[in-house]
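Undergrad: Numbering-wise, my numbering puts 527 at position 86 of the sequence shown, and it's gapless, one number per residue. Quick reminder that beta carbons are idealized off the backbone N, C-alpha and C, glycines included. Following this message is one structure expressed as structure tokens.
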Amino acid sequence: MFEFQPLYLKYNKEIFLFLFKMTNYDYHLAEELTQETFYQLYLSLSRFKGNCDIKTWICSIAKNVCLKYYRKNANAMNLEHIDKVRCEQIDFSKTPLELFELQESAENIKSEILRMKKKYRDVLCYRLYFDMSFREIGQIMNISEGSAKVLYHRGRNIIKTRLEGAENGK
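Pasting the structure below:
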């Protein structure tokens, strides 16, 4: 049905960039996980049934490879260090304190996502890190587009409630 090499050539960079975001911009780890993703793809390519777009399926493998890595290496997701930010992403109108507060907020959100139930965590990861549409998320998770939207918005509300509770000392 599909040959491995054309898939690798077509999706290698995209998967790397996704994993680069998922690993908090750790270049070497993203490279390693990209290779593991394509190794897993190679092993399971014959089992692809065509129920979804091939890119969606490869993204699902990449997400699972990344989450498996973080489950095995819980201390690897160090949310206390500052993200590496490219110069073109820096908003020079903000003070260093404002930039630090934004960074800290992003780290708290990542931490809360990792603590969530699997269904919420998956939808949030696909949406925030993969920039996937709700339709694509629904295909990967075998749920409707509407369910993906509901899970995403409920997940966001859970995070918002938890973070507001933490700010208020609850």
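Compute the distance between the beta-carbons of PHE575 and LYS590, then report whether it is under 8 Å.
TA: If you number the sequence shown from 1, residue 575 lands on position 134. If you number the sequence shown from 1, residue 590 lands on position 149. Yes.
Undergrad: Do you know how far the Cα of ALA503 is from the Cα of TYR483?
TA: Residue mapping note: residue 483 aligns to position 42 of the sequence shown, counting from 1. Residue mapping note: residue 503 aligns to position 62 of the sequence shown, counting from 1. Looking at the two C-alpha atoms, the distance is approximately 13 Å.
Undergrad: Using a Cβ-Cβ cut-off of 6 Å (strictly less than) and excluding sequence neighbours within five positions of TYR567, which residues of its own chain qualify?
TA: The residue labelled residue 567 in the question sits at position 126 within the sequence shown. Cβ neighbours of TYR567 beyond the five flanking positions: MET573 and ILE578.
Undergrad: Using the beta-carbon count (16 or more within 10 Å), is TYR561 buried or exposed?
TA: Looking up residue 561 in the sequence shown gives position 120. The residue is buried, with at least 16 neighbouring Cβ atoms inside 10 Å.
Undergrad: Excluding the 5 residues flanking ILE581 on each side, which residues of the same chain have their C-beta closer than 6 Å to its C-beta?
TA: Here residue 581 refers to the residue found at position 140 of the sequence shown. Correct list, in chain order: THR497 and SER501.
Undergrad: Cutting at 7 Å between CB atoms, please list the residues of its own chain near TYR452, excluding the five before and the five after it.
TA: For the purposes of this step, residue 452 is identified with residue 11 of the sequence shown, where counting begins at 1. Result list for TYR452: LYS496 and ILE499, in chain order.
Undergrad: How many angstroms separate the CA atom of LYS525 from the CA atom of LEU555?
TA: Taking the sequence shown and counting its residues from 1, one reaches residue 525 at position 84. Taking the sequence shown and counting its residues from 1, one reaches residue 555 at position 114. Caution applies to LYS525, whose pLDDT of 35 falls short of 50 and renders its modelled position unreliable; the value that the coordinates give is listed next. LYS525 and LEU555: Cα-Cα distance of roughly 20 Å.
Undergrad: Under the rule that 16 or more other beta-carbon atoms within 10 Å means buried, what is PHE459, buried or exposed?
TA: Working through the sequence shown from its first residue, we reach residue 459 at position 18. Buried, since its Cβ has 16 or more Cβ neighbours within 10 Å.
Undergrad: Would you tell me roughly how many angstroms separate the C-alpha atoms of ARG595 and MET557, rounded to the nearest one?
TA: In the sequence shown, residue 595 corresponds to position 154, counting from 1. In the sequence shown, residue 557 corresponds to position 116, counting from 1. For ARG595 and MET557, the distance between alpha carbons rounds to 11 Å.
Undergrad: Under 6 Å Cβ to Cβ from LEU570, same chain only, skipping five residues before and after it: list those, please.
TA: Reading the sequence shown from its first residue, position 129 is the one you call residue 570. The residue you asked about is not Leu; residue 570 is Tyr in the sequence shown. Excluding residues within five positions, the ones whose Cβ falls inside 6 Å are LYS462 and MET463.
Undergrad: Ends of the alpha helix (DSSP H) at LEU486?
TA: Sequence index remark: in the sequence shown, residue 486 carries index 45 (1-based). Counting along the chain, LEU486 falls outside any alpha helix (DSSP H), and DSSP gives it neither H nor E.
Undergrad: Are there 16 or more other CB atoms within 10 angstroms of the CB of ASP494, so buried, or fewer, so exposed?
TA: In the sequence shown, counting from the first residue as 1, residue 494 sits at position 53. Result: exposed.
Undergrad: Quick one: what does DSSP say GLU586 is sitting in, helix, strand or coil?
TA: As a position in the sequence shown, residue 586 is number 145, starting the count at 1. Residue state, collapsed to three classes: helix.
Undergrad: Do LEU474 and TYR510 count as a contact pair if the criterion is CB distance below 8 Å?
TA: What you label residue 510 is simply residue 69 of the sequence shown in a count that begins at 1. What you label residue 474 is simply residue 33 of the sequence shown in a count that begins at 1. Yes.
Undergrad: Quick one: is LYS601 buried, meaning 16 or more other Cβ sit within 10 Å of its Cβ, or exposed?
TA: Here residue 601 is taken as the residue at index 160 of the sequence shown, counted from 1. With fewer than 16 other Cβ atoms within 10 Å, it is exposed.
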